[in-house]
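Novice: First the structure, then my questions, so here it is.
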Amino acid sequence: PHPVLWWCSRAKMMRGSGSAPVTMREFRLAGLVMVLLFCAVAYMFTTHIGRSSPEGSLATSIAERVDQSVFRAVERQLKSMDPSLEKKYPVVAQLPRSKRQRIMVTGGAGFVGSHLVDRLMEQGHEVIVIDNLFTGSRRNVEHWLGHPNFEFHIHDVTEPLLMEVDRIYHLACPASPPHYQYNPVKTIKTSVQGTLNMLGLAKRVRARILFTSTSEVYGDPEIHPQPESYWGHVNPIGPRACYDEGKRVAETMMYAYKEQDGVDVRVARIFNTFGPRMNPSDGRVVSNFIVQALQGHDITIYGDGSATRSFQYVDDLVAGLMALMEGSYDMPVNIGNPQEYTIGQFATLIHKTTHSNSTIRNMPATADDPKQRKPDISVAKSKIGWQPRVAVEEGLRHTIKYFQQELRENGEIASTGPGQFAAVAKRRDE
12 PHPVLWWCSR AKMMRGSGSA PVTMREFRLA GLVMVLLFCA VAYMFTTHIG
62 RSSPEGSLAT SIAERVDQSV FRAVERQLKS MDPSLEKKYP VVAQLPRSKR
112 QRIMVTGGAG FVGSHLVDRL MEQGHEVIVI DNLFTGSRRN VEHWLGHPNF
162 EFHIHDVTEP LLMEVDRIYH LACPASPPHY QYNPVKTIKT SVQGTLNMLG
212 LAKRVRARIL FTSTSEVYGD PEIHPQPESY WGHVNPIGPR ACYDEGKRVA
262 ETMMYAYKEQ DGVDVRVARI FNTFGPRMNP SDGRVVSNFI VQALQGHDIT
312 IYGDGSATRS FQYVDDLVAG LMALMEGSYD MPVNIGNPQE YTIGQFATLI
362 HKTTHSNSTI RNMPATADDP KQRKPDISVA KSKIGWQPRV AVEEGLRHTI
412 KYFQQELREN GEIASTGPGQ FAAVAKRRDE
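In our numbering, the protein residues as written are 12 to 441.
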């Protein structure tokens, strides 16, 4: 008799004569079990040959190919028999081949990068994510895994990479102080060597490259708000220097490649950004305040709360990056929300929005923490037609909802203070 039918009949006998007939789902499961048993036997057989004869490597190679083909055939058969097994992807546009681009996003499994990947995929482009998963998470892009337009490579940008692409969004680098201060040398190498590798790739394949710089290039600014023409006020040997100066050198390399080799470059100077998929333990102001407020812990302000920051929602940032990439302007552009808050005001806003019973508590100030930060976005408005659309209050509601879900799934989350390394909560589907 057919082995699958035999297996099902035996299972029915074991369940008792009064049990229901074998269903189609059970039949398919039995078939899959038989295939797995066959592959296991083939693996053990080829492993034994590989140890005992020179023909072992050839036999193993043949068996691996057979196993792969069998699994692919089983997968196709199961999907054809049960459409519910087919993975459901978000809706994407159908672009003609002439308009579809191959777009690389380094750091594409991170907070900002994954949102950018979503927009590019939805537009119908082919997207290649490069991420070493130091601060990124497979979970952020798992809804695209298996899509024919999507590729995911675990790779460190400090190592060279050869690939044919049309656009490169270079976001790879830890961005929160606890993360980039954990290994300052690695942070510098990521900004410098990583950018050098991406520029080399852009030069070879004639791709346009956008580098995500930071408002940290302005340091503790003496001009307020900060225009792109401001050269900055940075401590080159302070605790934030590995990130600040790494980004400044990377900007220098971008324009050196532009002038010397004609590479088509774009530079975005990103100001504080928040939204869903932020790492709850990354030590940034927004994540710390929300996590503390939702758990009823003290909301900790480092300093007297008079320092100012400007916060933009992640959707606005992604729109700005895409507008800059596809526009003709190639000098640095501030991407941020000019709505300014003192840290004390922002803590009060989150306390109110979360309806928290937490106490706001001041702690000693951190070294080299900028006293004020606000972007002048006149260049973004005039050159790429961009300005933020999402109000901070609206963005906070979306972000708080995300963190509430994280707490339900993960239990208590510890906030991260200065000098502490944030434990990156990764849920990987290995």
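We treat Cβ as the ideally placed atom computed from N, Cα and C, and that holds for glycine.
By DSSP's criteria, valine 278 is part of a beta bridge. Which residues make up the other side?
Specialist: For the purposes of this step, residue 278 is taken as the residue at position 267 of the sequence shown. The partner list for valine 278 (beta bridge, DSSP) reads Phe222.
Novice: Can you check whether the CB of leucine 212 is closer than 8 angstroms to the CB of methionine 264?
Specialist: For the purposes of this step, residue 264 is taken as the residue at position 253 of the sequence shown. For the purposes of this step, residue 212 is taken as the residue at position 201 of the sequence shown. Against a cut-off of 8 angstroms, the Cβ pair of leucine 212 and methionine 264 comes out as no contact.
Novice: Express the C-alpha separation of leucine 156 and valine 344 in angstroms, rounding to a whole number.
Specialist: Indexing the sequence shown from 1 puts residue 344 at position 333. Indexing the sequence shown from 1 puts residue 156 at position 145. The alpha-carbon atoms of valine 344 and leucine 156 are separated by roughly 32 angstroms.
Novice: Based on Cα-Cα distance, which residue from Asp379, Gln306, Met374 and Leu221 lies nearest to glycine 118?
Specialist: To locate residue 118, count along the sequence shown from 1; it is residue 107. The residue with the shortest Cα to Cα distance from glycine 118 is Leu221.
Novice: May I ask which residues mark the beginning and end of the alpha helix (DSSP H) holding phenylalanine 300?
Specialist: Counting from one through the sequence shown, the residue named residue 300 turns up at place 289. Phenylalanine 300 -> alpha helix (DSSP H) spans 296-305.
Novice: At what residues does the beta strand (DSSP E) containing glutamate 351 begin and finish?
Specialist: Position 340 of the sequence shown, counted from the first residue, corresponds to residue 351. Start and end: 351-353.
Novice: Indicate the three-state DSSP secondary structure (helix, strand or coil) for histidine 164 in the structure shown.
Specialist: Position 153 of the sequence shown, counted from the start, is the residue given in the question as residue 164. Looking at histidine 164 - three-state DSSP - the assignment turns out to be strand.
Novice: Could you say which of Lys258, Ala304 and Ser393 lies nearest to glutamine 415 if we only look at CA atoms?
Specialist: Residue numbering aside, residue 415 sits at position 404 when the sequence shown is read from its first letter. Here the closest residue by C-alpha is Ala304.
Novice: What does a CB cutoff of less than 6 angstroms around valine 297 pick up in its chain, not counting 5 residues either side in sequence?
Specialist: As a first step, residue 297 is located in the sequence shown; it is residue number 286 there, counting from the start. Same-chain partners within the cutoff: Phe285.
Novice: Which residues in the same chain have their Cβ closer than 6 angstroms to the Cβ of glycine 9, if we skip the five residues on either side of it in sequence?
Specialist: For residue 9 there is no data in the structure shown, the boundaries of the chain being 12 and 441.
Novice: Does DSSP put proline 195 in a helix, in a strand, or in coil?
Specialist: Mapped onto the sequence shown, residue 195 falls at position 184. It is helical.
Novice: Please report the straight-line C-alpha distance between threonine 223 and glycine 135, rounded to a whole angstrom.
Specialist: Taking the sequence shown and counting its residues from 1, one reaches residue 223 at position 212. Taking the sequence shown and counting its residues from 1, one reaches residue 135 at position 124. About 23 angstroms.
Novice: Which full runs of the alpha helix (DSSP H) of 4+ residues lie inside the segment 332-395, going along the chain?
Specialist: Segments of the alpha helix (DSSP H) lying fully in the segment 332-395: 354-364 and 389-394.
Novice: Would you call the segment 244-255 and the segment 131-148 touching, i.e. three or more CB-CB distances under 8 angstroms?
Specialist: Counting Cβ pairs under 8 angstroms, fewer than three are found: no touch.
Novice: Quick one: what's got a C-beta closer than 7 angstroms to arginine 111's C-beta in the same chain, skipping five residues either side?
Specialist: Locating residue 111 in the sequence shown gives position 100, where the first residue counts as 1. Cβ neighbours of arginine 111 beyond the five flanking positions: Gly135, His136 and Glu137.
Novice: Is the beta carbon of isoleucine 139 sitting closer than 8 angstroms to the one on arginine 113?
Specialist: In the sequence shown, counting from the first residue as 1, residue 139 sits at position 128. In the sequence shown, counting from the first residue as 1, residue 113 sits at position 102. Yes, these two residues count as a Cβ contact at 8 angstroms.
Novice: Roughly how many angstroms separate the alpha carbons of glutamine 204 and glutamate 262, rounded to a whole number?
Specialist: Against the sequence shown, residue 204 aligns to sequence position 193. Against the sequence shown, residue 262 aligns to sequence position 251. Approximately 12 angstroms, taken between the alpha carbons.
Novice: With a 10 Å radius around its C-beta and 16 neighbouring C-beta atoms as the bar for buried, classify proline 399 as buried or exposed.
Specialist: Indexing the sequence shown from 1 puts residue 399 at position 388. Under this definition proline 399 is a buried residue.
Novice: Is it buried or exposed for glutamate 239, if we count other Cβ within 10 angstroms and need 16 for buried?
Specialist: Here residue 239 refers to the residue found at position 228 when the sequence shown is read from its first residue. Buried, by the Cβ-count rule.
Novice: For the alpha helix (DSSP H) holding glutamate 270, just list the boundary residues, first then last.
Specialist: To locate residue 270, count along the sequence shown from 1; it is residue 259. First-last of the alpha helix (DSSP H) with glutamate 270: 252-272.
Novice: Out of curiosity, what's the CA-to-CA distance linking arginine 11 and isoleucine 310?
Specialist: An answer regarding residue 11 cannot be provided, because it is not within the stretch 12 to 441 covered by the chain.
Novice: Under three-state DSSP, which class holds isoleucine 424?
Specialist: The residue labelled residue 424 in the question sits at position 413 within the sequence shown. Isoleucine 424: coil per DSSP, three-state reduction.
Novice: How far does the alpha helix (DSSP H) with glutamate 227 in it extend, from its first residue to its last?
Specialist: In the sequence shown, counting from the first residue as 1, residue 227 sits at position 216. Counting along the chain, glutamate 227 falls outside any alpha helix (DSSP H), and DSSP gives it neither H nor E.
Novice: Would you report the Cα separation of serine 317 and leucine 418, rounded to the nearest angstrom?
Specialist: Position 306 of the sequence shown, counted from the start, is the residue given in the question as residue 317. Position 407 of the sequence shown, counted from the start, is the residue given in the question as residue 418. Spanning the two alpha carbons is a distance of roughly 30 angstroms.
Novice: Around the Cβ of valine 128, are there at least 16 other Cβ atoms within 10 angstroms (buried) or fewer (exposed)?
Specialist: On the sequence shown, residue 128 is found 117 positions in, with the first residue counted as 1. Answer is buried; the Cβ neighbour count reaches 16.
Novice: Measure the C-alpha to C-alpha separation of alanine 104 and valine 123 and round it to an integer number of angstroms.
Specialist: By one-based count along the sequence shown, residue 104 stands at place 93. By one-based count along the sequence shown, residue 123 stands at place 112. For alanine 104 and valine 123, the distance between alpha carbons rounds to 22 angstroms.
Novice: Let's test the definition: count the other Cβ atoms within 10 Å of the Cβ of arginine 215 and tell me whether it reaches 16, buried, or not, exposed.
Specialist: Here the question's residue 215 lines up with position 204 in the sequence shown. That one is exposed.
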